[in-house]
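Engineer: Attaching a single structure in structure tokens format; questions to follow.
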Amino acid sequence: MPWGLKRFQESGHSHFVTFSCYSRRPLLTADNAKRIFELALERVRRSFGLCVYGYVVMPEHVHLLVSEPERGLLADALKSLKQGVSRRLVAGAPFKPGVGLSGDLPEHFWQKRYYDLNVRNYRQFVEKLRYIHRNPVKRGLCERPEDWDWSSFRQYAIGCEGRVEVECEWTARRRERAAGTLCPAVELPHSSQKRV
Numbered sequence: 009m010p011w012g013l014k015r016f017q018e019s020g021h022s023h024f025v026t027f028s029c030y031s032r033r034p035l036l037t038a039d040n041a042k043r044i045f046e047l048a049l050e051r052v053r054r055s056f057g058l059c060v061y062g063y064v065v066m067p068e069h070v071h072l073l074v075s076e077p078e079r080g081l082l083a084d085a086l087k088s089l090k091q092g093v094s095r096r097l098v099a100g101a102p103f104k105p106g107v108g109l110s111g112d113l114p115e116h117f118w119q120k121r122y123y124d125l126n127v128r129n130y131r132q133f134v135e136k137l138r139y140i141h142r143n144p145v146k147r148g149l150c151e152r153p154e155d156w157d158w159s160s161f162r163q164y165a166i167g168c169e170g171r172v173e174v175e176c177e178w179t180a181r182r183r184e185r186a187a188g189t190l191c192p193a194v195e196l197p198h199s200s201q202k203r204v
């Protein structure tokens, strides 16, 4: 770890995490690559007992809003995630032109380090979640957050289940219904839902 860099893990805070592809190359441009990332994130979520509050997969980087894991350290969970994706995309996956990555595959898939900000209050949480969901629009990749298939936005907006289980109001309601603890009369109509 470089001199002066401190990670505040095991603090009980949520974390806003960003990591980039090697040399900021757009290695996550293909739908197949983004799908592999999402599947790896879901595997890590389950393995480490991580709560994923939000995410977006961009062509050359990823943003996550996550809890600290129940098992292990956040650094270990992120290492497992990055290794799983890179092994699948660089070493293990047979790519065909137009299906996987474009151009020559790099020796390294990810930058070695990641950015980690402890989210200490609700205001910061909402700010980071909005940033995550608006990132594709800001970059000109789509017109509205709901048009980007590779984020958690639709799960917050309309409860659409994705490849990654995201901790949001809709997920909590599904769990309550499955456990039989939610009375149907308590459910709120879509128009009264808060949008984040």
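In my numbering, the protein residues as written are 9 to 204.
We put the beta carbon where it would ideally sit given N, CA and C, even for glycine.
Small disclaimer: the values here were computed from a predicted structure and weren't measured.
1) What span of residues does the alpha helix (DSSP H) with Tyr139 cover, start to end?
2) Would you tell me roughly how many angstroms separate the C-alpha atoms of Ser110 and Arg79, rounded to the nearest one?
3) Nearest by alpha-carbon distance to Ser94: which of His141, Val174, Leu35 is it?
4) What does Gly170 pair with, by DSSP beta-bridge criteria?
5) Considering only the alpha carbon of each residue, which of Glu151, Ile166, Val134, Arg43 lies closest to Pro67?
6) If the criterion is Cβ atoms closer than 7 angstroms, does the pair Ser22 and Ser75 meet it?
7) Applying the 10 Å Cβ sphere with the 16-neighbour rule, what's the burial state of Ser31?
8) Just verifying my parser: in three-state terms, what is the DSSP assignment at Leu125?
9) For Gly92, report the span of its alpha helix (DSSP H) as first-last.
10) Would Trp158 pass as a contact of Val70 if the rule is Cβ separation under 7 angstroms?
11) State the CB to CB distance for the pair Glu154 and Arg162, rounded to an integer number of angstroms; the pair is presumed to be in contact (CB under 8 angstroms).
12) Which parts of the segment 33-77 are runs of the alpha helix (DSSP H), unbroken and 4 residues or longer, counting only runs that do not cross its ends?
13) Specify, as a first and last residue, the run of the beta strand (DSSP E) that Ser22 falls within.
14) For Pro77, which option in Asn143, Cys59, Gly188 has the closest C-alpha, if you only look at C-alpha atoms?
15) Taking just the CA atoms, how far does Gly188 sit from Ala48?
16) What residues are listed by DSSP as bridge partners for Trp118?
17) Would His116 be called buried (16 or more neighbouring beta carbons within 10 Å of its own) or exposed?
18) Under a three-way DSSP split, which group does Phe161 fall into?
Structural biologist: On the basis of the coordinates in this document:
1) Locating residue 139 in the sequence shown gives position 131, counting from the first residue. Segment 130-146, the alpha helix (DSSP H) holding Tyr139.
2) The residue labelled residue 110 in the question sits at position 102 within the sequence shown. The residue labelled residue 79 in the question sits at position 71 within the sequence shown. Interpretation of Ser110 is limited by its pLDDT of 46, a score under 50 that renders its predicted location unreliable; the figure taken from the coordinates is listed afterwards. If you take the alpha carbons of Ser110 and Arg79, they lie about 36 angstroms apart.
3) Taking the sequence shown and counting its residues from 1, one reaches residue 94 at position 86. If we check each option's Cα against that of Ser94, Leu35 comes out closest.
4) On the sequence shown, position 162 is the one that residue 170 refers to. BP columns for Gly170 are empty, so no partner.
5) The residue labelled residue 67 in the question sits at position 59 within the sequence shown. For Pro67, the nearest C-alpha among the options comes from Arg43.
6) Locating residue 22 in the sequence shown gives position 14, counting from the first residue. Locating residue 75 in the sequence shown gives position 67, counting from the first residue. Result yes, Cβ atoms of Ser22 and Ser75 sit closer than 7 angstroms.
7) Walking along the sequence shown from the start, residue 31 turns up at place 23. With fewer than 16 Cβ atoms within 10 Å of its Cβ, Ser31 is classed as exposed.
8) Along the sequence shown, read from residue 1 onward, the residue named residue 125 stands at position 117. Here Leu125 sits in strand by DSSP.
9) Your numbering for residue 92 matches position 84 in the sequence shown. 82-94 is the extent of the alpha helix (DSSP H) around Gly92.
10) Mapped onto the sequence shown, residue 158 falls at position 150. Mapped onto the sequence shown, residue 70 falls at position 62. No, Cβ-Cβ distance for Trp158 and Val70 is not below 7 angstroms.
11) The count along the sequence shown starts at 1 and reaches residue 154 at position 146. The count along the sequence shown starts at 1 and reaches residue 162 at position 154. So it is a contact: roughly 6 angstroms between Cβ atoms.
12) 39-56
13) Walking along the sequence shown from the start, residue 22 turns up at place 14. Looking at the DSSP string, the run of the beta strand (DSSP E) that includes Ser22 is 22-28.
14) Here residue 77 corresponds to residue number 69 of the sequence shown, with the count starting at 1. The shortest C-alpha separation from Pro77 is found at Cys59.
15) The count along the sequence shown starts at 1 and reaches residue 48 at position 40. The count along the sequence shown starts at 1 and reaches residue 188 at position 180. So the two alpha carbons sit approximately 31 angstroms from each other.
16) Here residue 118 corresponds to residue number 110 of the sequence shown, with the count starting at 1. DSSP lists Cys29 as partners of Trp118.
17) If you number the sequence shown from 1, residue 116 lands on position 108. Flag for His116 reads exposed.
18) Here the question's residue 161 lines up with position 153 in the sequence shown. Helix at Phe161.
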